[in-house]
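Protein chains: 4
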Amino acid sequence: MKQTAILLMHSPDQPGLIATITEFIHSNGGNIIYLDQHTDVDQGIFFMRVEWDLTEFVIPSDKIKEYFAILYAAKYQITFRLYFNDYRPKMAIFVSKMSHCIYDLLAKYTAGEWNVEIPLIISNHNDLKEVGKRFDIPFHVFPVTKENKAEQEAAEIALLFEKKIDFIVLARYMQVISEDMINRYPNKIINIHHSFLPAFVGAKPYHAAFERGVKLIGATSHYVTTELDAGPIIEQDIVRISHKDNVETLVRKGRDLEKIVLSRAVEKHIQRKVLTYQNKTVVFN
Amino acid sequence: MKQTAILLMHSPDQPGLIATITEFIHSNGGNIIYLDQHTDVDQGIFFMRVEWDLTEFVIPSDKIKEYFAILYAAKYQITFRLYFNDYRPKMAIFVSKMSHCIYDLLAKYTAGEWNVEIPLIISNHNDLKEVGKRFDIPFHVFPVTKENKAEQEAAEIALLFEKKIDFIVLARYMQVISEDMINRYPNKIINIHHSFLPAFVGAKPYHAAFERGVKLIGATSHYVTTELDAGPIIEQDIVRISHKDNVETLVRKGRDLEKIVLSRAVEKHIQRKVLTYQNKTVVFN
Amino acid sequence: MKQTAILLMHSPDQPGLIATITEFIHSNGGNIIYLDQHTDVDQGIFFMRVEWDLTEFVIPSDKIKEYFAILYAAKYQITFRLYFNDYRPKMAIFVSKMSHCIYDLLAKYTAGEWNVEIPLIISNHNDLKEVGKRFDIPFHVFPVTKENKAEQEAAEIALLFEKKIDFIVLARYMQVISEDMINRYPNKIINIHHSFLPAFVGAKPYHAAFERGVKLIGATSHYVTTELDAGPIIEQDIVRISHKDNVETLVRKGRDLEKIVLSRAVEKHIQRKVLTYQNKTVVFN
Amino acid sequence: MKQTAILLMHSPDQPGLIATITEFIHSNGGNIIYLDQHTDVDQGIFFMRVEWDLTEFVIPSDKIKEYFAILYAAKYQITFRLYFNDYRPKMAIFVSKMSHCIYDLLAKYTAGEWNVEIPLIISNHNDLKEVGKRFDIPFHVFPVTKENKAEQEAAEIALLFEKKIDFIVLARYMQVISEDMINRYPNKIINIHHSFLPAFVGAKPYHAAFERGVKLIGATSHYVTTELDAGPIIEQDIVRISHKDNVETLVRKGRDLEKIVLSRAVEKHIQRKVLTYQNKTVVFN
C-alpha cells in the first residue's frame, strides 16, 4: 500500500479552485487517485475531497499541512483537514444492552474491512461484557445514575484521552451524552437512531411508529450535537412494514436496518468521506 | 367476468370466526376466490377480506347484506362493508396546478386498468383545464378565497352528490378540505402528502427536508381526517437523495414518487383492499 | 411460553378447506394464534400455515400428526408437516474463508433471536477456526480435494447425522454440494448466492456484474437442489451501484447484502414459514 | 436562462487533465456551473462532464468545438461531444399497444419538465393513435410484417431524418430494430426491457420470472445495440413481489416500474449526463 494524503476542504466558491488545487498537487509530483467535489450553488460553498499518492510528492508529509495553509487556505478562505492513509484512527464503541450493532462493527473490524483500531468498549451496563471478551477488546463499565453522571463521564473522557481515541460510535448506547463530551468530540460521535429522523425523535420510536401506523420504518445515523437527535445526518435507510407488524416485529426488523445504517456511516467516516457544514453532511462516494 | 361479492369486516377476535364465515359462504353455494385475514393480537381485533363467486350463491345479491347482518354481524359484533365487483365506484379528482399526479391517474384510467368511473375533475385554479379536455372529463373550477371558501365547498359538495361520487382523490390539491366535506366522505378522501409522514407535516416539506439534510425523501398517501396530515396512512415510499440535491431537484425527484405512491393507494382503495380502524389501515395484498 | 403446534400444508384447492381445518382445531379446544393461507388459482393448489395454542387442545401432541393424517390428509390429498414450537431445530453452518455471513448468523444466535441450536460448524478451510472459538461452537475442518471429495462428504454426513442436524446453512461455502448430501437434506440446505438469480449463475458473479455494467447488484438465498443455483428462491434483495464501483467495491457492498438476505431466509426457515412446491417457495409473513 | 456549453469527454487518464481543462474554461472567461468526473482506474480512462456559463466566454459558441479539438483533444486523445443548453434535442417515440410508458413521457413533456421536442410518434399498430391526438403529436403508423420490414424501416428512417430526430425512445415498442437503424442512431435509441437484465433476456420476461419464482422483478433501460437486450445499461430498478403474485399481477406491478425506469434514463440522456464506453455507461448525477 502506497502512502496517500487525503484533503477534505470547503470554502467560498470561486472560479478556478479545482484547477488551482489539482495544479498544486500535480506540479509537486503528486498523482491524484481520487477527486470528488460538490458546489452548493445557493450558498456559494465549494467542497472537495482529493486523495493523492505521495510516492513522488516533493513536499514532505509533515509539511503538507503548513504549505497548503500558507499557500492556499488563507488566500481562498479554505477550511480543511488533512489525513494520511497510513494512520489508523482510534475508535471507541459505546454500548448498553443490545448487541446487534456492536457485533456488526466488530465482525467488520475483525475481518480487516476497516482501516481503524478499536482499543476499547465503554458501557453503562454489564450485559455485553462477554462481547468484549469474545473479540479481545477491553470492556469498561461505567454505570451511570443521575447522581454520578458528571463524574462518570469525566472518567470516561479521561480514559478516551488516555487511549487517544479519535472518534466514538454509539452502538445503541442508551444514555444522553453530555455537552462536555460532545464539545470534545465535535462531529466525531456517531449515533444510530432507530427512526427515520426527523420523525420520531427521542425515546421509543418503534412504539411511536406503530401508533402512527406508518408503512415504512427507518434508521438514521448522525453526528451527535447538543440538540437531541438533531445533528448532521450521515446515512438513512428504511424497511417496509405492514399492518401485520406489531412493536415486537418492528424492533426485530429494525435491528438489521440499524446495524447496516450505522456501519455504512462509520465506514464513510473512517474513509474520510464525510464533510459537515451547517448541520448537514456532504458524503462523497 | 363473473359477479363476485367482497366482504370487508372487522370484529372482536373470537375463536371460529373464519370457520363460521367461510362455512356461511361455502354452504350457500359461494366459491371463495380470495381470503385474507389479519388478527391484531394486542387489541384483540380480527380483520378479514373475503371475495366469492356469486354464480351459484343461493342468497340473492341484494339480500346478502341483510342476511349477513342478521345472522352474524349482530351476534359477533362485526362491522362490515359489502361490495360487488360489477359496480364501478365513482371517483372525483381534485387538482390545483401540478399535473404529474392527475396524468398518472388518468393514464391508468384511460388504459382501463382500474374498475372505476371518473365523472369529473374539480380544481381551485384554471391551470389544468387542458388536462380535462385531453381526456374528455368535465373540469370544474371553484376558485377558493378566504371569503368564499364555505360557499364554494358547498357548491362542490352539491356537485359531488349530484354526480354520486363515491370517493375523492386529492392529486396535489393545495387547499385544506373543510370538516364538513371530510365528514361527508369519511375515509373516502385520499390525499398525497409530499413527505414521509409524520416528518414534515404541513407546507413546504421539500424545503424542510432540504434544511434538515435528510438522505431520503418520502411521500405518503393517507385518508383525510380533520387533523392536518394525520389521517390513516395507506402507502408510503421513499427515494434516495444526496448532498448534490437542492430544493428544485427534490421537487423533481419527488414528483415520480408522489404519483406512484398515490396511484398505489388509489388502486388498493378501488380494489376494496383497505380497512381502517383507530386511525390506521389494514391493506390486504 | 405456551406450547403451540404449527401445521404447514398444501393440497389441491377445494371449497371449505379453511373452514374444515379451523373447525378441527377450534372444536378440539385449540386457539388459533396464526393463520395465513395462499391459493395458487392457476394451479389449483391451496397452501396454509396455521399455528395454535395447545394448552386446552384435547388431542395429545404426539397424536396430532396421526389424527390429522387419518381424518383429513388422506381425504383431501393434503401434504403436510407438523412442528412444535418447543423443539429447537439443529442447524449446521458451512463456511469457507469469508466471515461476514457466519458472524451475522452467530450474532443473532448468541443474542437469542432465533429458536435454534447450532451444534457445529463445518469448513473446507482452517481460516475461520477462530470464529468457532469465539462463539464456543465446535469447528470441524474437512479439506476437500477432487480425490477425497466423496469420502469427506461421507464423513460430514456421518457427523451431521450423529449430531441430529435438521438443516444446513451454507454461509458462503465455496464448494458444490454433492447430490448425495442434497438428497439427504431436501429443501433443508439454504445457500446464499451473490447475485440476483437467475442473472450471473455460477462463479464470480460480481466480476460478471461489473463486466455487464449493471446498475444494481443482488443476492439470492435459495434451497440447494442438484441443479446449480437453480433451487427454490426464499429471499432476494439488491443494492444500487454506479459507474464509480469496481469489482472490489461491489464485493464490499455485496457483503452486507448477502448476510442480510441469508439471515432473512434462515429466519423464515426457522419460523417454519417457508413452503416449497414446484421449485418455488411460499413464504408467509 | 443563460447560455451554457456542456462538454462530455473521455480520454486516457493522465495527470493534470482536470486542471488543464478547467483552466481552459476559466482563463477564457467561462464560469463553471457543473463539473463531475470519474476515473476508471483499472482501465486508465478518465471521464468528465463540465458545463459552463458562456456569458463572458471569449470563444464564440460556434468555434468552441474547433478550438477544443485543436488545442486539447488531439494532444490528449480526448473523445468528446459538445452541447449547448439552448438547443432542444428532437426525440421520437416508438410505441406498440401498451400506453403506460408513452403517457409518462408525454405527461413530463407537456408539463415542460424536459428540454426536448417531440415532433412525432411512430407505431407498428393503430391502437394508440388516440394518444397522439390527445397530445397533438403526429402519430405515424408503419405496420410491419416479415415481408415489408426493410421497406417500412426505410420509410421510418426517411421520416426521422426529415424531422431531424436526434434520438429515439422505444416506449414498449414490440419490434426488433434493424441493424441499419441502430447504426444510424448509435447510443441514441433508448429501450425499456421489462426485466432485470441480464436475467430474462428476450420475450415474455414476466412469464419467465414467474416460472423461476423470483422475489423481485426488475426493469432495465439501455441503449439499443445489434445484440438483443445487451446494450449499455442506463438505469435499472426493481419492485418486490411474493408468492401471491401471478403473471397478471407481475405485469401490473411492472408497468409503474418500467415507465419510471425509462423516464429516468430518458431524462439523463436529455440532460447530457450519459457517457458510453465499452458497452457500459457513466451516468453523472
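Protein chains in written order, with our numbering: chain A, 1 to 285; chain B, 286 to 570; chain C, 571 to 855; chain D, 856 to 1140.
From the three backbone atoms N, C-alpha and C, an ideal C-beta is built for every residue, glycine too.
Item, Value
"Beta strand (DSSP E) segments (min. 3 residues) lying fully within the region 571-646 of chain C", "574-582, 601-610 and 615-623"
"Status (buried if at least 16 other CB within 10 Å, exposed otherwise) for residue 556 of chain B", "buried"
"Chain B within 8 Å of residue 182 of chain A, Cβ atoms only", "no"
"Where residue 947 of chain D sits in the DSSP three-state scheme", "strand"
"Burial state of residue 977 of chain D, where buried means 16 or more other Cβ atoms lie within 10 Å", "buried"
"Reference residue 799 of chain C, options D/1068, D/884, D/1052 and D/1074, closest by Cα", "D/1068"
"Burial state of residue 706 of chain C, where buried means 16 or more other Cβ atoms lie within 10 Å", "exposed"
"Within chain B, the residues that residue 1033 of chain D reaches when beta carbons sit closer than 8 Å", "None at all; the shortest Cβ gap to chain B is about 29 Å."
"Closest Cα partner of residue 386 of chain B within the set B/563, B/485 and B/478", "B/478"
"Per-residue burial, residue 286 of chain B [other beta carbons within 10 Å of its own, 16 or more giving buried]", "exposed"
"Counterpart residues of residue 1048 of chain D in DSSP-defined beta bridges", "D/1075"
"Endpoints, beta strand (DSSP E) assigned at residue 693 of chain C", "687-693"
"Residues from the region 435-462 of chain B in contact with chain C, defined by Cβ distance under 7 Å", "none"
"Inter-residue spacing [alpha-carbon to alpha-carbon] between residue 944 of chain D and residue 673 of chain C", "53 Å"
"Beta-carbon proximity check, residue 1037 of chain D vs residue 1080 of chain D, cutoff 8 Å", "yes"
"Cα-Cα separation between residue 146 of chain A and residue 92 of chain A, rounded to whole angstroms", "23 Å"
"Short CB-CB distance (under 8 Å) between residue 878 of chain D and chain A", "yes"
"Beta-ladder partner(s) of residue 809 of chain C, from DSSP", "C/787"
"Beta-ladder partner(s) of residue 1135 of chain D, from DSSP", "D/1132"
"Assigned secondary structure, residue 173 of chain A (DSSP; H/G/I helix, E/B strand, else coil)", "coil"
"Residue 851 of chain C and residue 808 of chain C closer than 8 Å at C-beta", "no"
"N-terminal and C-terminal residue of the alpha helix (DSSP H) that residue 364 of chain B is part of", "No alpha helix (DSSP H) contains residue 364 of chain B, which is instead part of the beta strand (DSSP E) from 364-369."
"Inter-residue spacing [alpha-carbon to alpha-carbon] between residue 458 of chain B and residue 1005 of chain D", "50 Å"
"Rounded separation between residue 368 of chain B and residue 1078 of chain D - CA only", "47 Å"
"Buried or exposed (CB count within 10 angstroms, at least 16 for buried), residue 284 of chain A", "buried"
"Whole-angstrom C-beta distance between residue 236 of chain A and residue 501 of chain B, which should lie under 8 Å", "5 Å"
"Simplified DSSP state of residue 519 of chain B, which is helix, strand or coil", "strand"
"Through-space distance from residue 559 of chain B to residue 473 of chain B, alpha-carbon basis", "11 Å"
"Close Cβ partners of residue 1020 of chain D (< 6 Å) along its chain, the five nearest in sequence each way excluded", "945 and 947"
"Contact check, residue 607 of chain C vs residue 616 of chain C, beta carbons under 8 Å", "yes"
"7 Å Cβ shell around residue 265 of chain A - same chain, five flanking residues per side excluded", "190, 221, 234 and 235"
"Chain D contact for residue 851 of chain C (CB, 8 Å cutoff)", "yes"
"Proximal chain D residues relative to residue 621 of chain B, where beta-carbon distance stays under 7 Å", "No answer is possible for residue 621 of chain B: it lies beyond the span of chain B, which begins at 286 and ends at 570."
"Interface flag, residue 331 of chain B vs chain A, CB-CB below 8 Å", "no"
"Cβ pair residue 491 of chain B, residue 547 of chain B closer than 8 Å", "no"
"Delimiting residues of the alpha helix (DSSP H) encompassing residue 426 of chain B", "Per DSSP, residue 426 of chain B belongs to no alpha helix (DSSP H); it is in the beta strand (DSSP E), 424-426."
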